[in-house]
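Asker: For the sequence shown, this note's numbering gives the first residue as 89, with consecutive numbering after it. Here's a structure for you.
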Amino acid sequence: MIVSHRQTAANTYRLRVECPDIAAAAVAGQFAMLRIADRIDPLLGRPLAVYDTYRGADDDVPRGERSERRFADFVYVAHGRFTTALKDLGPGERMTLWGPLGNGYSDVPSSGHLLLVAGGIGQTALLTLGRDRAAAGEKVTFCWGASRGAAFGDVDDFRRAGLDVHLATLDGSTGKQGTVIDLLDDLFPREGGDKATPRSGAAETNAPRHVACCGPDGMMAAVSRWSEGRGLGCHVSLEAPMACGIGICFTCVARVKDAEGGWDYKRTCIEGPVFAATSIDWS
Ligand SMILES: Cc1cc2nc3c(=O)[nH]c(=O)nc-3n(C[C@H](O)[C@H](O)[C@H](O)COP(=O)(O)OP(=O)(O)OC[C@H]3O[C@@H](n4cnc5c(N)ncnc54)[C@H](O)[C@@H]3O)c2cc1C
Ligand code: FES
């Protein structure tokens, strides 16, 4: 059941649903499939990242153990059949959810300095990863790019989670003017070596050692190249269209390279959505 629903940015909404099974079990990078209960249009569920989880319906920061949480937040851009119908629903209305689904970020190594990179609505897959790693003592830098400043919502969630936040917009209305790659180049210009090194002259140990990324495919491909060019490992969370979310229909497949130089189709809902960036065939 929906307990709250509010607009957070241009055409962007934050939905809180009572779903104890999902809230208590979800780990960073997992998603759920959502449907509006008792409606047949759209018939198929849609995948949304589990943005955050809470013990109380009115909590504004997570408290207590994950296993005690009953509510999950989802943040989405209203653009298609499901999301434009969803945005008009209010508290008390019923949803059908299944999850948590997918592999999450369990393969992202603890590196001492994790760089999170989001494009568009991709921040939804990164908040809990950043908070978990910051709480464990890792430095976490969060770079978020969007077309314009009005697209950024609840940026303070990331600051409260202990992340070092940097923003970029194509129109320059908020943060650095340019793409998120321009922002990364600005923060971590290459200085001859093969590691990203901060411009400030800070110690080399302050440079990121691994990247986790979520956003549009073109942006993730660019972040993958950026990371590879600096010798950094990178994981991406793919936003493939999905019909079942549980491995049956194969609508969500991505071309994933193997160690022998070949490739195979992998299901984003089961083997993903998080993959090593170098394993993805971006062509
Ligand atoms: C693992 C996973 C996690 C996801 N998490 C989120 C999330 O947290 N928040 C979120 O908003 N979306 C998320 N998505 C994407 C979301 O599931 C799709 O955008 C979904 O299609 C929305 O359903 P819809 O019925 O509203 O749009 P549809 O009717 O299915 O799509 C309509 C059209 O819009 C296009 N489109 C897709 N994304 C966008 C966009 N951002 N802006 C404009 N056009 C677009 C599609 O290509 C399609 O042609 C996630 C996807 C995956 C696989
Ligand atoms: S969505 Fe059906 S197999 Fe992945």
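In this text, a Cβ means the ideal position worked out from N, Cα and C, and glycines have one as well.
Tell me glycine 321's beta-bridge partners as DSSP assigns them.
Answerer: Paired residues: His298.
Asker: Straight-line CA distance for phenylalanine 170 to glycine 303?
Answerer: So the two alpha carbons sit approximately 19 Å from each other.
Asker: Could you give the distance in angstroms between the alpha-carbon of threonine 257 and the alpha-carbon of valine 205?
Answerer: Using only the alpha carbons, I get a separation of about 13 Å.
Asker: Once you ignore the five residues that flank glycine 207 on each side, which residues in its own chain have a CB closer than 7 Å to its CB?
Answerer: Cβ neighbours of glycine 207 beyond the five flanking positions: Gly233, Val268, Gly303, Pro304 and Met307.
Asker: To the nearest angstrom, how far is it from the Cα of glycine 250 to the Cα of glutamate 226?
Answerer: Roughly 10 Å between the two C-alpha positions.
Asker: Reducing DSSP to helix, strand and coil, say where proline 188 ends up.
Answerer: Strand.
Asker: Where do the N-terminal and C-terminal ends of the beta strand (DSSP E) with glycine 207 fall, by residue?
Answerer: It spans 201-207 - the beta strand (DSSP E) in which glycine 207 sits, taken as one unbroken run.
Asker: Ignore the nearest five residues each way along the sequence and tell me which others in alanine 380's own chain have a CB closer than 7 Å to its CB.
Answerer: Any question about residue 380 goes unanswered here, given that the chain covers just 89 to 371.
Asker: Let's see if you can read the secondary structure: which residues bound the beta strand (DSSP E) around proline 135?
Answerer: Segment 134-137, the beta strand (DSSP E) holding proline 135.
Asker: How about isoleucine 336: is its Cβ closer than 7 Å to a heavy atom in ligand 2?
Answerer: Yes, the Cβ of isoleucine 336 comes within 7 Å of a heavy atom of ligand 2.
Asker: Check this for me: beta carbons of isoleucine 124 and leucine 174, under 8 Å apart or not?
Answerer: It is a contact, given that the beta carbons lie within the stated cut-off.
Asker: Below 8 Å, how does it come out for the stretch 343-362 and the stretch 141-156: are there three or more Cβ pairs, yes or no?
Answerer: Verdict: no, contact absent.
Asker: Are there 16 or more other CB atoms within 10 angstroms of the CB of glutamate 153, so buried, or fewer, so exposed?
Answerer: Counting Cβ neighbours within 10 Å, glutamate 153 comes out exposed, since fewer than 16 surround it.
Asker: Could you give the first and the last residue of the continuous beta strand (DSSP E) run that contains isoleucine 90?
Answerer: Element bounds for isoleucine 90: 90-97.
Asker: Does the distance from the CB of leucine 320 to the CB of glycine 360 come in under 8 Å?
Answerer: Going by C-beta atoms, leucine 320 is not nearer than 8 Å to glycine 360.
Asker: Check whether the Cβ atoms of glutamate 106 and methionine 89 sit closer than 8 Å, and answer yes or no.
Answerer: Cβ distance < 8 Å, so glutamate 106 and methionine 89 count as in contact.
Asker: With a cut-off of 8 Å on the beta carbons, I'd call alanine 137 and threonine 212 a contact; round off their distance for me.
Answerer: 4 Å between Cβ atoms; contact.
Asker: Which term fits glutamine 95, buried or exposed, when burial requires 16 or more other beta carbons within 10 angstroms of its beta carbon?
Answerer: By the 10 Å Cβ count, glutamine 95 comes out exposed.
Asker: Using only alpha-carbon positions, find the residue among Ala112, Arg127, Lys354 and Asp176 that is nearest to glutamate 156.
Answerer: Selected option, being the one with the closest Cα: Ala112.
Asker: Can you determine whether any heavy atom of ligand 1 sits closer than 7 Å to the C-beta of proline 188, and answer yes or no?
Answerer: Checking every heavy atom of ligand 1 against the Cβ of proline 188, none is found closer than 7 Å.
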